[in-house]
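These notes are about the structure you will find just below.
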Amino acid sequence: MSATKLLEIIDLQTQFQTEEGTVKAPIDLLRLPEKEMRPLRDKDLAMIFQDPMSSLNPVFTCGSQVLEAIQLHQRLDRTRARQLVLDLFARVQLPDPERIYAAYPHQISGGQKQRVMIAMAMSCQPQVLIADEPTTALDVTVQKAILDLMSDLKREMEAAIVFITHDLGVIADIADRVVVMYQGRIVEQGPVRDIFLRPQHAYTKSLLACRPPVDQALRRLPVVRDFIDWREVDGQRTMVERAVSVKQTLAQHQLTEAEVEARRTRIQSGEPLLRVVDLRTWFPKGRAWWGRPQEFVKAVDGVSFEVYPGETMGLVGESGCGKTTLGRSILRLNRTRSGEVWYRGKNLLSLNATELKDLRKEVQIIFQDPYSSLNPRMTIGKAIEEPLLVHGILGKAVERRERVLELLATVDLRPEHYQRYPHEFSGGQRQRICIARALALNPKFIICDESVSALAVSVQAQVLNLLLELREKYQLTYIFISHDLSVVKFMSDRMIVMNGGKIEEMGWPEDIYQKPQQAYTRRLIEAIPRGLIRDDGF
Amino acid sequence: MVWRRFRSNRPALWSLRLLVVLLGIAFFADFLANEKPLYCKIEGKRYFPVLADYGQALGWTNPDPQFLNVDWKDLEYERVWWAPVAYSASTIDVYNAPFKGPFDRQVVAEDRFWHWLGTDDLGRDVAAGMLAGTRMAMLVGVVAMSVACFFGIILGLLAGYYGDSRLRWTRVRLLANGVALVAAWFYGFAARSYALAESEWPPGELGKSILLGLVLLVVANVGASQLERFPLLARKRALPVDLLVMRAIEVLESVPGLLFLLAILAVIEKPGILDVMVIIGFLSWTSVARFVRAELLRIRTLPYIEAAQVMGFSEWRIIWRHALPNALGPILVVVAFGVAGAILAEASLSFLGLGLSIDQVSWGSMINKAREDFSAWWLALLPGLAIFATVTIFNLIGDGLAQAMDAKLNQ
Ligand SMILES: Nc1ncnc2c1ncn2[C@@H]1O[C@H](COP(=O)(O)OP(=O)(O)O)[C@@H](O)[C@H]1O
Ligand SMILES: [Mg+2]
Chain Z
78 MSATKLLEII DLQTQFQTEE GTVKAPIDLL RLPEKEMRPL RDKDLAMIFQ DPMSSLNPVF
138 TCGSQVLEAI QLHQRLDRTR ARQLVLDLFA RVQLPDPERI YAAYPHQISG GQKQRVMIAM
198 AMSCQPQVLI ADEPTTALDV TVQKAILDLM SDLKREMEAA IVFITHDLGV IADIADRVVV
258 MYQGRIVEQG PVRDIFLRPQ HAYTKSLLAC RPPVDQALRR LPVVRDFIDW REVDGQRTMV
318 ERAVSVKQTL AQHQLTEAEV EARRTRIQSG EPLLRVVDLR TWFPKGRAWW GRPQEFVKAV
378 DGVSFEVYPG ETMGLVGESG CGKTTLGRSI LRLNRTRSGE VWYRGKNLLS LNATELKDLR
438 KEVQIIFQDP YSSLNPRMTI GKAIEEPLLV HGILGKAVER RERVLELLAT VDLRPEHYQR
498 YPHEFSGGQR QRICIARALA LNPKFIICDE SVSALAVSVQ AQVLNLLLEL REKYQLTYIF
558 ISHDLSVVKF MSDRMIVMNG GKIEEMGWPE DIYQKPQQAY TRRLIEAIPR GLIRDDGF
Chain R
1294 MVWRRFRSNR PALWSLRLLV VLLGIAFFAD FLANEKPLYC KIEGKRYFPV LADYGQALGW
1354 TNPDPQFLNV DWKDLEYERV WWAPVAYSAS TIDVYNAPFK GPFDRQVVAE DRFWHWLGTD
1414 DLGRDVAAGM LAGTRMAMLV GVVAMSVACF FGIILGLLAG YYGDSRLRWT RVRLLANGVA
1474 LVAAWFYGFA ARSYALAESE WPPGELGKSI LLGLVLLVVA NVGASQLERF PLLARKRALP
1534 VDLLVMRAIE VLESVPGLLF LLAILAVIEK PGILDVMVII GFLSWTSVAR FVRAELLRIR
1594 TLPYIEAAQV MGFSEWRIIW RHALPNALGP ILVVVAFGVA GAILAEASLS FLGLGLSIDQ
1654 VSWGSMINKA REDFSAWWLA LLPGLAIFAT VTIFNLIGDG LAQAMDAKLN Q
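Protein sequence lines, in the order shown, are assigned to chains Z and R. Numbering of the first sequence is given in the working numbering, commencing with residue 78 and proceeding in unit increments. Numbering of the second sequence is given in the working numbering, commencing with residue 1294 and proceeding in unit increments.
Next up, the structure:
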């Protein structure tokens, strides 16, 4: 549900209870005409959006935008307003407020932009702050910092916060009370501890269960369908809650140590499928006029590792550490500076165009952003069919169509989707389409670059399960890239922690999680939202 | 989506409707203004003289000797349907020359032959001229923009998609192509300029030159493929396409367009209207190229392009099937503005008396006539208004498109 809607829906006449007190606004917002709503919306209610990139205007400096917001409802002269902005920037713990004041949005990081947005929201000292998925687009470590900041501000300013998110893990860190919504209705509400320890509604349970746990190894993730059944009763679809607890469900899917051990020995017994040797990808930074590059961004700087057939190699690290570049370099989407990538006895980096085209069938990638990984002007069917056509895999149009329909079925899409265009699908569905397209060529090896990071947790669980099923069905080998340690740990047989273009640590996921050797890894682990660590044992 | 947004923009929508009307006029101009009847019956026989003209132009029928050099208005008809304006743009009505205004006394046999919008110095009907001018303006827009799009899209595509570092050729291939291009120009055009100048760019000679150039390029590339076996020659180098194209655009744009046009027309002997159109098009490819380049810079980094690369699609396929179709929207905007510019440029040239042969009429050439007699207000006002209205229509459509698409991008 969109929070803009929420601004209109919250009925303040019933008085909005929070731990900090009651918002004194006995007005029915629903019946308030737009004209009177405006000042209220600006002053007493403030909002922070999910995507900091698009909520800041790229052509003005960050400072001037906050300044404008202040001058909109406070009579302050420029110098005093400016001082106020700098104070606010300091309060949201932006480093060097003067510099940020003069910086344009594209010159600062995502986390910093979100802090600027928070400063802007705080500038009018709102009584209610509505935050719509404010950390979804951010790294785990940055997310933690922002959550800490919001908790502090809540205490300091005595403001109520409505924090909207799809991720129950985040809620545990910040909320006092939780309202769970499902299909447009509130299904459950209560203090955060109760929700986490004694969830009543099946949907709440599924939300709690579908986030990959860090302390358990699972065969597959529980999804909403494990908790809720839809039945046809008297021609109406009704919801039937299954009487299972989160704990039971998780226990049901748990992998035994023997199973894990057996899988490991099986995988490690073969020859490596992929061997990366001392790979370096440097991007030129500041090039002299018509000359050689002066400096380099060392996005990947001397990385070596091996991946065995059937294995899933996890790759985790903060954004900007070079994960994407590493994946792209293996696929020759980047120019590499030095190093070797051996795949089945061939060095991918020194193949010529025709040899490369043959290997393209075997190595595929699934990208992060499901919205731009499909050509908007091509139907789904055509998009999945195209690789078959180009590689001349199935000669007849009928056969190709058959195959496409089969692939659609594999990823749980329906045949009638064949004729549709990408914009008619949700994020999760598009990611399935991308998976189907990648599978069209019968690849052996797939790189998943943040493939589930843009999805809501419940959808994420479904896509992760699908990837696991496909791994078994087609004997696939994955490199699974994510900034989210819990997801990588769930998916991987082994994992690599990357930092600044180098490998920080490599090993079994539970070893890295329980006995991190490096301070950097420890920091990543601490940033995992508290709601996931079930030390209460429920 | 874009269409819905465009439709909500009133001025743009009305402009589009008017444009359809203008195109209709341009298409059916021969039926709207013609000195010959649309249909007539003479001595019991039926004739369709206007349609017969089309038949002759296509070579299907032969001209009827009976009607050679006749004045159609003097014939005895049993039945006759005249076009709404019973004059062609080039019909000279000696009785009403020079410069008869719509309200002046005119010598006409019947009221239906009245020159509703007056005549010019030779006694040509202004209403017919306006209609012929519409056709000329639309033709200029279409031809000039086709030429501009051809060059603009190809060059913008190369610059935007390949940038400065993504088109990597082996040294020997770069060298061979460079040499072949220079040689093609030299042997195809420079060395043969005599032959070409003598016969005033006949299609045959020009074709020979182009063929010679192509043969040289093919030979160079085949040779290069052979020589690539030697490692020293096979070392790859990036071809800075973007840099080259952008510099070319800057050079071309730094010269004022009209001056450039005049300079080129001065070189060509007896420039026809088609020359003018092509040259206008050639001068306005730069803005198309800029837009296409900017769009491709954005599109080429999108994951669906990379996905296509990973699936082993050819560059050709990626560019034509995946990149270009998604860049076409904004090109429409440039084309709309470009047509307005081309019409204006053609009007200026015709006003200066360049490009048109004697029997051709365009809005610009009509205004030119008004200079000879300042009291002939109808000759200045009407074509002037037509130019203004048409240019405004295209600009409004361009604005509407730009807004509709921006909204889509920001969404
Ligand atoms: N095409 C490029 N040109 C210049 N720098 C780049 C390019 N791609 C990535 N980088 C830089 O390389 C570093 C690693 O980026 P990336 O691999 O995308 O990180 P991650 O995927 O871990 O978030 C970043 O500092 C980024 O700015
Ligand atoms: Mg990345």
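No residue lacks a Cβ here, since even glycine has one placed at the ideal position from N, Cα and C.
Below-7 Å beta-carbon distance, residue i vs any chain R residue
{"i": "Leu410 (chain Z)", "result": "yes"}
{"i": "Val377 (chain Z)", "result": "no"}
{"i": "Lys362 (chain Z)", "result": "no"}
{"i": "Ile442 (chain Z)", "result": "yes"}
{"i": "Lys459 (chain Z)", "result": "no"}
{"i": "Asn424 (chain Z)", "result": "no"}
{"i": "Asn429 (chain Z)", "result": "no"}
{"i": "Lys434 (chain Z)", "result": "yes"}
{"i": "Leu209 (chain Z)", "result": "It should be pointed out that residue 209 (chain Z) corresponds to Asp in this sequence rather than to Leu. Cβ-Cβ to chain R under 7 Å: no for Asp209 (chain Z)."}
{"i": "Ile481 (chain Z)", "result": "What sits at residue 481 (chain Z) in the sequence shown is Val, not Ile. No - not a single Cβ of chain R is within 7 Å of the one on Val481 (chain Z)."}
{"i": "Arg314 (chain Z)", "result": "no"}
{"i": "Val136 (chain Z)", "result": "no"}
{"i": "Asn576 (chain Z)", "result": "no"}
{"i": "Ser528 (chain Z)", "result": "no"}
Exposure of residue i, with buried meaning 16 or more beta-carbon neighbours within 10 Å
{"i": "Ile443 (chain Z)", "result": "buried"}
{"i": "Gln594 (chain Z)", "result": "exposed"}
{"i": "Asn134 (chain Z)", "result": "exposed"}
{"i": "Met568 (chain Z)", "result": "buried"}
{"i": "Tyr1340 (chain R)", "result": "buried"}
{"i": "Asn424 (chain Z)", "result": "exposed"}
Below-7 Å beta-carbon distance, residue i vs any chain Z residue
{"i": "Glu1599 (chain R)", "result": "yes"}
{"i": "Gly1646 (chain R)", "result": "no"}
{"i": "Gly1634 (chain R)", "result": "no"}
{"i": "Gly1605 (chain R)", "result": "yes"}
{"i": "Leu1595 (chain R)", "result": "yes"}
{"i": "His1615 (chain R)", "result": "yes"}
{"i": "Pro1618 (chain R)", "result": "yes"}
Residues of its chain near residue i, where Cβ-Cβ distance is below 6 Å and the 5 sequence neighbours each way are ignored
{"i": "Ile272 (chain Z)", "result": "Val255"}
{"i": "Gly422 (chain Z)", "result": "none"}
{"i": "Thr401 (chain Z)", "result": "Asp526"}
{"i": "Gly1622 (chain R)", "result": "Met1698"}
{"i": "Trp359 (chain Z)", "result": "Phe373, Lys375 and Arg414"}
{"i": "Gly1394 (chain R)", "result": "Gly1411 and Trp1671"}
Beta-carbon contacts of residue i that lie in its chain and below 8 Å, excluding the five residues immediately before and after
{"i": "Leu1312 (chain R)", "result": "Ile1686, Phe1687 and Ile1690"}
{"i": "Leu300 (chain Z)", "result": "In the sequence as presented, Leu is not what sits at residue 300 (chain Z); that position holds Val. Cβ within range, chain order: Ser283, Cys287, Ser535, Ala538, Gln539 and Asn542."}
{"i": "Thr218 (chain Z)", "result": "Glu395, Arg600, Leu601 and Ala604"}
{"i": "Val1436 (chain R)", "result": "Leu1567, Met1570, Val1571 and Gly1574"}
{"i": "Tyr498 (chain Z)", "result": "Pro453, Arg454, Met455, Thr456 and Ile457"}
8 Å contact criterion, which residue i and residue j should meet: CB distance rounded
{"i": "Leu1468 (chain R)", "j": "Ala1322 (chain R)", "result": "Between Ala1322 (chain R) and Leu1468 (chain R) the Cβ distance is about 53 Å, and since that is not below 8 Å, they are no contact."}
{"i": "Gln445 (chain Z)", "j": "Ser535 (chain Z)", "result": "Rounded, the Cβ-Cβ distance is 18 Å, inconsistent with contact."}
{"i": "Met572 (chain Z)", "j": "Gly391 (chain Z)", "result": "3 Å"}
{"i": "Leu1432 (chain R)", "j": "Val1419 (chain R)", "result": "No, Leu1432 (chain R) and Val1419 (chain R) are not in contact; Cβ-Cβ is about 20 Å, not under 8 Å."}
{"i": "Ala1382 (chain R)", "j": "Gly1422 (chain R)", "result": "5 Å"}
{"i": "Val1627 (chain R)", "j": "Val1581 (chain R)", "result": "5 Å"}
{"i": "Phe522 (chain Z)", "j": "Leu351 (chain Z)", "result": "7 Å"}
{"i": "Gln331 (chain Z)", "j": "Leu298 (chain Z)", "result": "Contact doesn't hold; Cβ gap of about 12 Å is too wide."}
Close-in-space but distant-in-sequence residues of the same chain around residue i (CB under 7 Å, 5 per side omitted)
{"i": "Pro1330 (chain R)", "result": "Pro1342, Trp1365, Val1373, Trp1374 and Trp1375"}
{"i": "Leu1649 (chain R)", "result": "Ile1566, Ser1643, Ser1655 and Ser1658"}
{"i": "Ile251 (chain Z)", "result": "Leu224, Met227, Ser228 and Phe240"}
{"i": "Tyr1754 (chain R)", "result": "What the structure shows of chain R is the stretch from 1294 to 1704, and residue 1754 (chain R) is not part of that stretch, so it cannot be assessed."}
{"i": "Gly1646 (chain R)", "result": "Asn1661"}
{"i": "Gly399 (chain Z)", "result": "Ala376, Val377, Met575 and Gly578"}
Item to check | Shell residues, 6 Å Cβ cut-off relative to heavy atoms of ligand 1 | outcome: Every residue with a CB closer than 6 Å to a heavy atom of ligand 1 is listed here in chain order: Z:Phe360, Z:Val374, Z:Ala376, Z:Gly394, Z:Ser396, Z:Gly397, Z:Cys398, Z:Gly399, Z:Lys400, Z:Thr401 and Z:Thr402.
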